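Colleague: This is the structure I want to talk about, given as structure tokens.
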Amino acid sequence: MSHPKRAEIFTRDAERTTWHDETLWFVRQKRDKAVYAVPEFQELRELASQIKTHTLSRLADYLEQFEAQAKANGVHVHWASNAEEHNAIVLDIIRQQNATSIVKSKSMLTEECHLNPYLLRHGVEIVDTDLGERIVQLRQESPSHLVLPAIHLKKEDVGATFFKHLGTAEGEVDPQVLTEAARQHLRARFLAAEVAISGVNFAIAETGSVVVCTNEGNADLAVNLARVHIASMGIEKLIPRLSDLSVFTRLLARSATGQPATTYTSHFSRPAAGKELHVILVDNGRTQQLGRPDFRASLKCIRCGACMNTCPVYRRSGGHSYDFTVPGPIGAILSPNIDMRQHASLPFASTLCGSCTDVCPVKIDIHTQLYKWRQVIAAADEIPASKKWSMRLLSRVLARPAMYELGGKFARTSLRFVPHALTHAPGYNPWAIARELPEPPPQSFREWFKQTNPKP
Amino acid sequence: MTATARERILAATRANHFEANPLPTVPQFTGNDSVERFTEVLQSIGGKLCAYQHASHWPK
Ligand code: SF4
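In order, the protein sequences belong to chains R and L. Take 1 as the starting number for the first sequence in the UniProt record's numbering and just add one per residue. Take 1 as the starting number for the second sequence in the UniProt record's numbering and just add one per residue.
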């Protein structure tokens, strides 16, 4: 299903659409307030961009440095070319431990690899411990936002989900009561966990350590209680030095939620005595994206979600309309790299207003890349036939002034006689579903100009 | 012999290395009064700053 079709499903609930739009705009405004309070914010963005570009330019060297340091720290380092290899490594570690109780904190990479359904198919149940992630897991949905996975849901939806799965009272919608219920439910899982899986926000080549940023502290609790910690990371998460981290931690939380810092910024360098720390370095299409000069800057992404909060299309179409692990403008750049045919409509889910580029803390030229993907997709003949032919026709008309003038005259005249029901028929003119066509003017601008400015 | 995932990833990554800027130096940003900033942010999130000369002065 294309993005417009899925967006149509989301926008059927006009009240939810407006509320979703306003909520994310509120987060964007919080971001602005936090950003304006840091005089060197633009300098930090430039530094972050340069550090990431430099790292990507010699990524193999930094990967080797990271591996050597991590191994010297007693960390088990694994490599996975794709999602299948990643999932198999995780399952293997779980089986070696004879573990049955697995918890996971927020990790978009494991979502991308579809780890949960894979483990379930192999008889292993995994519990997401981030509150938003747990809510969507109970509903058998995917996260709809990078940072706010359940932002598409209202407290009434959460109440109904908890009533069904956690035994809260029917109709209970008090956020405090619901959060407490989740807390009690998750506490038992934390205590029983034998293996804890986490994502990675940054991996430092110089020290061989990984850094996990959370607000709920669930990752810290889980990995400290469990015997084994598995940290899954995309290979693009590397930064060269510990001193580089300060640049990114100052940008990440401010860009994401308008906080000065995430509540927890935890460094994992070596396993605690008697425990194991595994790091899985995952490619899954990243080296392919690295090989596309026009699109490799997308690998600088630190998954803050700011481009989603600001995007007028994302805010009014919801994260699930993208049907990709990473939604929003950045997802629309990353997804065609994985499967261009399946995600061909995503680079078109943008007004190209450039707001995403303006807020991106690592200065990814998001809207330029969206525009470039459109050209790649059109050249590969992956756009719908109706769009292809109408664009061809339009380009012919626009290239011929006489034909353009004639077409304009025809439209102005005919629109006066065609009934409203036909000009605004949803199937024929979707543009007019929520808009009125303007009254056709009696003459074109050129005609008016000629008339009012006669040649001397 | 088939290459391991490690070899495949490193080879694919190395094949796509490119010319770029050197690693920049991260400066010390010392322009702000950190106590003032801390107070400002703390208050913006509903906190209250209580300053005492010594821990023994903290209210019991
Ligand atoms: S592309 Fe930029 S703004 Fe969007 S999630 Fe990534 S880092 Fe944040």
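We put the CB at the ideal spot given by N, CA and C, even for glycine. Keep in mind it's a predicted model, so treat the numbers as computed, not measured.
Excluding the five sequence neighbours on either side, which residues of its own chain have a C-beta within less than 7 Å of the C-beta of I94 (chain R), listed in chain order?
Modeller: Contacts found: I102, V124 and V195.
Colleague: My assumption, with CB atoms under 8 Å, is that K372 (chain R) sits in contact with D294 (chain R). Please give the rounded CB distance.
Modeller: Right, the Cβ-Cβ distance comes to about 5 Å (below 8 Å), so this counts as a contact.
Colleague: Which residue spans inside the region 183 to 250 of chain R form an unbroken beta strand (DSSP E) run of at least 3?
Modeller: Whole beta strand (DSSP E) segments, 3+ residues: 195 to 198, 202 to 204, 209 to 214 and 228 to 234.
Colleague: Have a look at R:F248, R:S350, R:L290 and R:V326 and flag the residue whose alpha-carbon is nearest the alpha-carbon of R316 (chain R).
Modeller: Of the listed residues, the one whose Cα sits closest to R316 (chain R) is R:S350.
Colleague: So does the region 232 to 247 of chain R actually touch the region 185 to 195 of chain R, counting three or more Cβ pairs closer than 8 Å?
Modeller: Counting Cβ pairs under 8 Å, fewer than three are found: no touch.
Colleague: Specify the secondary structure class of Y264 (chain R) as computed by DSSP and reduced to three states.
Modeller: Residue state, collapsed to three classes: strand.
Colleague: Quick one: does H54 (chain L) have its CB under 8 Å from some CB of chain R?
Modeller: Not an interface residue.
Colleague: Check whether the region 14 to 29 of chain L and the region 41 to 58 of chain R are in contact - that is, three or more C-beta pairs closer than 8 Å.
Modeller: Yes, since at least three Cβ pairs between the region 14 to 29 of chain L and the region 41 to 58 of chain R fall closer than 8 Å, the two stretches touch.
Colleague: Which residues mark the beginning and the end of the beta strand (DSSP E) in which K104 (chain R) is found?
Modeller: Note, K104 (chain R): beta strand (DSSP E), I102 to K104.
Colleague: Alpha carbon to alpha carbon, how far is G258 (chain R) from E15 (chain R)?
Modeller: G258 (chain R) and E15 (chain R): Cα-Cα distance of roughly 25 Å.
Colleague: Once the 5 residues before and after A99 (chain R) are set aside, which same chain residues still bring their CB inside 6 Å of it?
Modeller: Excluding positions up to five away in sequence, the list reads E194 and V195.
Colleague: For R134 (chain R) and A425 (chain R), what's the separation of their Cα atoms in angstroms?
Modeller: Going by the C-alpha atoms only, they are around 42 Å apart.
Colleague: What does H114 (chain R) reach in chain L if we use C-beta pairs closer than 9 Å?
Modeller: Near H114 (chain R) there are no residues of chain L at all, since even the closest Cβ is about 18 Å away, more than 9 Å.
Colleague: Would you say I135 (chain R) touches ligand 1, meaning its beta carbon is less than 7 Å from a heavy atom?
Modeller: For ligand 1, not one heavy atom lies less than 7 Å from the Cβ of I135 (chain R).
Colleague: Which residue from R:G74, R:A68 and R:C113 puts its Cα closest to that of A83 (chain R)?
Modeller: The shortest C-alpha separation from A83 (chain R) is found at R:C113.
Colleague: What does a CB cutoff of less than 7 Å around L242 (chain R) pick up in its chain, not counting 5 residues either side in sequence?
Modeller: These residues qualify, in order along the chain: I204, E206 and T207.
Colleague: If we define contact as Cβ-Cβ less than 8 Å, is E36 (chain L) a contact residue for chain R?
Modeller: Closer than 8 Å: no.
Colleague: Where T452 (chain R) and R446 (chain R) are concerned, what is the direct C-alpha to C-alpha distance, given to the nearest angstrom?
Modeller: C-alpha separation (whole angstroms): 10 Å.
Colleague: Please list the partners that T179 (chain R) has in chain L, where partner means a Cβ-to-Cβ separation under 8 Å.
Modeller: Chain L residues near T179 (chain R): none, gap ~18 Å exceeds 8 Å.
Colleague: May I ask which residues mark the beginning and end of the beta strand (DSSP E) holding W79 (chain R)?
Modeller: Start and end: H76 to A80.
Colleague: Would you mind telling me which residues of chain R sit closer than 8 Å to L10 (chain L), beta carbon to beta carbon, in chain order?
Modeller: Correct list: A60, L63 and E64.
Colleague: Rounded to whole angstroms, what is the Cα-Cα separation between E436 (chain R) and P401 (chain R)?
Modeller: Whole-angstrom Cα-Cα distance: 27 Å.
Colleague: Within 10 angstroms of its Cβ, does G47 (chain L) collect 16 or more other Cβ (buried), or is it exposed?
Modeller: Exposed, since its Cβ has fewer than 16 Cβ neighbours within 10 Å.
Colleague: Would H17 (chain L) pass as an interface residue toward chain R - the criterion being a Cβ-Cβ separation below 8 Å?
Modeller: It does: the Cβ of H17 (chain L) has a partner Cβ on chain R nearer than 8 Å.
Colleague: List the residues of chain R that L23 (chain L) touches, going by C-beta distances under 7 Å, in chain order.
Modeller: Per Cβ cutoff of 7 Å: I51, H54 and P240.
Colleague: Counting Cβ pairs closer than 8 Å, one from the region 128 to 143 of chain R and one from the region 318 to 335 of chain R, do we hit at least three?
Modeller: Touching, per the Cβ criterion.
Colleague: My parser needs the alpha helix (DSSP H) runs of 4 or more residues fully inside the region 362 to 444 of chain R; what are they?
Modeller: If we require 4 residues or more, the alpha helix (DSSP H) runs fully inside the region 362 to 444 of chain R come out as 366 to 379, 385 to 398, 401 to 417 and 420 to 423.
Colleague: Are any of the Cβ atoms in chain R nearer than 8 Å to that of T13 (chain L)?
Modeller: Taking Cβ atoms only, chain R reaches closer than 8 Å to T13 (chain L), which makes this a yes.
Colleague: Considering only the beta carbon of each residue, do G199 (chain R) and A256 (chain R) sit closer than 8 Å?
Modeller: Not closer than 8 Å, so no.
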